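Chemist:
Chains as they are written, first to last, in the numbering used here: chain H, 1 to 370; chain E, 1001 to 1192.
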């Protein structure tokens, strides 16, 4: 081996030794750290492990009911309503979303309303989407953060409710105004908005009352606080409202299993409904009806959970029609409702993320499949 | 003089490095585990309330109990976990049957009491753990859409004797009994 070869070998060996000096320490440290972190993550206690003693509220909500863990009670079977003939009969005539058009609502479906020319306004996938009466999409725009409900006013403006506020959009989707609602320390949990004349009615499930606002948000009073308990009883933390052309406000009082009626000044006018598991006019479970709408001829449309179904009553509480649970996902905790000027009932099923359209029809003859 | 480096030496060095990293990781893992107590707990996301918690526990009265999460509870008058809504109603239309076979779910009116109309009251539901046998009937009845899903099953550390291999875990068809590491939790010491 001559001296040149020796020098080259020495240089290479020095380079290798330097490489190891520089890189061995950091690589070993990073590896050990990664292994430690992985181990720590794998052994992190489950969030529910530290249990509060019985009688004290737990801070972590439980997964039952979360997406992917949806389960349905065997109890959720409709009381035998099909054997009875009702004055009205509805049949399904169209579907929007769900398996019919799977791309329409991919993540959520939270509210529905009808506007001028029977256009259908749907809140879903963090957008307000507008459809024509034939369910063809016309336009859409991004909804405010955490939007929970919507309504279309007689002026064509779209009122979108979100926790603590209402945002107002023109028909093209441009935000024109908005106002906060609720108390300073306890913002309203807005679960429904309706517009009658110059009044905006906001259902506040937090305070369990209906807040009456002027068009600019000026508070004009409360509805529901003159009941015996000073508020609605809402075990499911949801309040839905509808208002007829005369200004009579209909509200769901789910804990009492009633539909209640109120004057705009807050005077109680009436109520109908009771708990029951067998008669089809009764409301089942802990808390029903959960949703509400009015037909053009003043009939009351209710949506129920547990036995997911829609019913139509006259204003005195006489049952006129039942749209049975075969049309809805049994795990629905809401069936959002709207009715267009022709009397078609639009029922939004948030579990299947689809809107079903029901039209008045002739009842099927005996022996004929509905 | 620096030794001549060869491929063999390089591979040897790499193996040593890998060994060191593995040793470090294992040591970290073991240290982490040693510093916490391993306990069994019910994963409510997996639990199907199949009743095996009641029948499989080595204790005569299962260590699994129903727990009510008051933040989620609706304080219902017609609580589907408390009363069997399909049972025969009384003269006021309120179901007379109860869901819990042990009568372990108790309720009391909270807030303003309306003696005339029970529909005007809010009810707080508390599990009597001395009676609860962990059958999960109330948990099942409270699931959405019927209820708010505020009830769930939990292994109570005050009763669990920390068997080496939890009998409920072996029996559970849904793998809902999981091992969790909780600092400061000691298993109960009492006769079976």
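We treat Cβ as the ideally placed atom computed from N, Cα and C, and that holds for glycine.
Note that this is a predicted model, so its numbers are computed, not measured.
1. Near residue 42 of chain H, what residues of its chain come up, given a Cβ to Cβ distance below 7 angstroms and the 5 sequence neighbours on each side ignored?
2. So with CB distances below 9 angstroms, who are the chain H contacts of residue 1078 of chain E?
3. Taking only beta carbons into account, state which residues of the stretch 299 to 320 of chain H come closer than 8 angstroms to chain E, listed in chain order.
4. What whole-angstrom Cβ distance do residue 291 of chain H and residue 319 of chain H have, given they're in contact under 8 angstroms?
5. List, in chain order, every chain H residue whose beta-carbon is nearer than 7 angstroms to that of residue 1075 of chain E.
6. If you run the structure through DSSP and keep just helix, strand and coil, what is residue 13 of chain H?
7. How many Å lie between residue 1134 of chain E and residue 307 of chain H at the Cα?
8. Kindly say whether residue 1114 of chain E, judged by its beta-carbon, lies nearer than 8 angstroms to any beta-carbon of chain H.
9. Strictly under 8 angstroms for the Cβ-Cβ distance: is residue 16 of chain H near chain E by that measure?
10. Have a look at residue 1136 of chain E and residue 1149 of chain E and give me their C-alpha separation to the nearest angstrom.
11. Cutting at 8 angstroms between CB atoms, please list the residues of its own chain near residue 1099 of chain E, excluding the five before and the five after it.
12. To which residues of the same chain is residue 314 of chain H closer than 7 angstroms at the C-beta, ignoring the five residues directly before and after it?
13. Got a sec, what are the start and stop residues for the alpha helix (DSSP H) residue 1113 of chain E sits in?
14. Using a Cβ-Cβ cut-off of 8 angstroms, state whether residue 1175 of chain E counts as contacting chain H.
15. Strictly below 9 angstroms CB to CB, what residues from chain E border residue 271 of chain H?
16. Give me the Cα-Cα distance between residue 1030 of chain E and residue 1163 of chain E, rounded to the nearest whole angstrom.
17. Check whether the stretch 176 to 188 of chain H and the stretch 122 to 131 of chain H touch, using three or more Cβ-Cβ pairs below 8 angstroms as the test.
18. So which residues on chain B does residue 1108 of chain E lean against when the C-beta distance must stay under 9 angstroms?
19. Beta-carbon within less than 8 angstroms of residue 1057 of chain E's beta-carbon, same chain only, minus the 5 sequence neighbours each way: which residues are those?
20. What would DSSP say about residue 76 of chain H, mapped onto helix, strand or coil?
21. CB-CB under 6 angstroms to residue 194 of chain H, same chain, minus the five flanking residues each way: which ones, in chain order?
22. Which residues, in chain order, does the stretch 1142 to 1155 of chain E contribute to contact with chain H at a C-beta distance below 7 angstroms?
23. Let me make sure I understand the geometry here. Which of H/137, H/309, H/268 has the alpha-carbon closest to that of residue 326 of chain H?
24. Excluding the 5 residues flanking residue 65 of chain H on each side, which residues of the same chain have their C-beta closer than 6 angstroms to its C-beta?
25. Rounded to whole angstroms, what is the Cα-Cα separation between residue 341 of chain H and residue 302 of chain H?
26. Looking at C-beta atoms only, is the number of pairs between the stretch 1106 to 1121 of chain E and the stretch 1011 to 1025 of chain E that lie closer than 8 angstroms three or more?
27. Give the single residue among H/356, H/121, H/166, H/246 whose Cα lies nearest to the Cα of residue 217 of chain H.
28. DSSP three-state call for residue 42 of chain H: helix, strand or coil?
29. Using the rule of at least 16 other Cβ atoms within 10 Å of the residue's Cβ for burial, across every protein chain shown, is residue 1054 of chain E buried or exposed?
30. Give the interface partners of residue 9 of chain H over in chain E, defined as CB-CB distance under 8 angstroms, in chain order.
Modeler: Let's see:
1. Here the question's residue 42 of chain H lines up with position 42 in the first chain. Residue confidence is low: residue 42 of chain H scores 47 on pLDDT, short of 50, so the model does not pin down where it sits. No coordinate-derived value is stated.
2. On the second chain, position 78 is the one that residue 1078 of chain E refers to. Near residue 1078 of chain E (Cβ distances below 9 angstroms), the residues of chain H are 235, 255, 257, 275, 285, 286, 287.
3. Result list: 305, 306, 308.
4. By 1-based counting over the first chain, the position of residue 291 of chain H is 291. By 1-based counting over the first chain, the position of residue 319 of chain H is 319. With a Cβ gap of about 17 angstroms, residue 291 of chain H and residue 319 of chain H do not count as contacting.
5. Along the second chain, read from residue 1 onward, the residue named residue 1075 of chain E stands at position 75. Those are 235, listed as they occur along chain H.
6. What you label residue 13 of chain H is simply residue 13 of the first chain in a count that begins at 1. In the structure shown, residue 13 of chain H sits in a helix (DSSP, three-state: H, G or I).
7. In the second chain, the residue the question calls residue 1134 of chain E occupies position 134. In the first chain, the residue the question calls residue 307 of chain H occupies position 307. Rounded to whole angstroms, residue 1134 of chain E to residue 307 of chain H spans 27 angstroms at the Cα level.
8. Translated into positions along the second chain, residue 1114 of chain E becomes position 114. With 8 angstroms as the cut-off, residue 1114 of chain E counts as an interface residue toward chain H.
9. Translated into the one-based positions of the first chain, residue 16 of chain H becomes position 16. It does; some Cβ of chain E falls within 8 angstroms.
10. To locate residue 1136 of chain E, count along the second chain from 1; it is residue 136. To locate residue 1149 of chain E, count along the second chain from 1; it is residue 149. Cα to Cα, residue 1136 of chain E sits roughly 12 angstroms from residue 1149 of chain E.
11. Taking the second chain and counting its residues from 1, one reaches residue 1099 of chain E at position 99. For residue 1099 of chain E, where only same-chain residues beyond five positions count, the Cβ hits under 8 angstroms are 1080, 1081, 1082, 1083, 1084, 1105, 1137, 1138, 1141.
12. As a position in the first chain, residue 314 of chain H is number 314, starting the count at 1. Same-chain partners within the cutoff: 299, 320.
13. Counting from one through the second chain, the residue named residue 1113 of chain E turns up at place 113. If you look at residue 1113 of chain E, you'll find it isn't in any alpha helix (DSSP H); DSSP assigns it neither H nor E.
14. As a working mapping, residue 1175 of chain E is identified with position 175 in the second chain. So no, residue 1175 of chain E is outside the interface.
15. As a position in the first chain, residue 271 of chain H is number 271, starting the count at 1. Think of a sphere of 9 angstroms around the beta carbon of residue 271 of chain H: no beta carbon from chain E falls inside it, the nearest being about 11 angstroms out.
16. What you label residue 1030 of chain E is simply residue 30 of the second chain in a count that begins at 1. What you label residue 1163 of chain E is simply residue 163 of the second chain in a count that begins at 1. Cα to Cα, residue 1030 of chain E sits roughly 21 angstroms from residue 1163 of chain E.
17. Below 8 angstroms, too few C-beta pairs join the stretch 176 to 188 of chain H and the stretch 122 to 131 of chain H to call them touching: fewer than three.
18. The structure shown has no chain B; the protein chains it does contain are H and E.
19. For this step, residue 1057 of chain E is matched to residue 57 along the second chain. Cβ within range, chain order: 1063, 1064, 1134, 1167, 1168.
20. Position 76 of the first chain, counted from the first residue, corresponds to residue 76 of chain H. Because residue 76 of chain H sits at a pLDDT of 42, beneath the cut-off of 50, its placement in the model cannot be relied upon, and the point is left open.
21. Stepping through the first chain from its first residue, residue 194 of chain H is reached at position 194. Contacts found: 151, 201, 241, 243.
22. Per Cβ criterion, the list reads 1143, 1144, 1145, 1146, 1147, 1148, 1149, 1152, 1154.
23. Here residue 326 of chain H is taken as the residue at index 326 of the first chain, counted from 1. When each option's Cα is compared against that of residue 326 of chain H, the closest is H/309.
24. Within the first chain, numbered from 1, the residue matching residue 65 of chain H stands at position 65. Summary for residue 65 of chain H: the model assigns pLDDT 35, below 50, so the residue's position carries little reliability; its value from the coordinates is reported in the next sentence. Here the set comprises nothing.
25. Walking along the first chain from the start, residue 341 of chain H turns up at place 341. Walking along the first chain from the start, residue 302 of chain H turns up at place 302. Their backbone Cα atoms lie some 17 angstroms apart in a straight line.
26. The stretch 1106 to 1121 of chain E, when compared against the stretch 1011 to 1025 of chain E, does not touch it at the 8 angstroms Cβ threshold.
27. By one-based count along the first chain, residue 217 of chain H stands at place 217. Checking every option, the nearest Cα to that of residue 217 of chain H belongs to H/166.
28. Translated into the one-based positions of the first chain, residue 42 of chain H becomes position 42. Because the pLDDT of residue 42 of chain H is 47, which lies under 50, any placement of that residue in the model is unreliable, and the number read from its coordinates should be weighed accordingly. Helix.
29. Mapped onto the second chain, residue 1054 of chain E falls at position 54. Buried.
30. In the first chain, residue 9 of chain H corresponds to position 9, counting from 1. In chain order: 1004.
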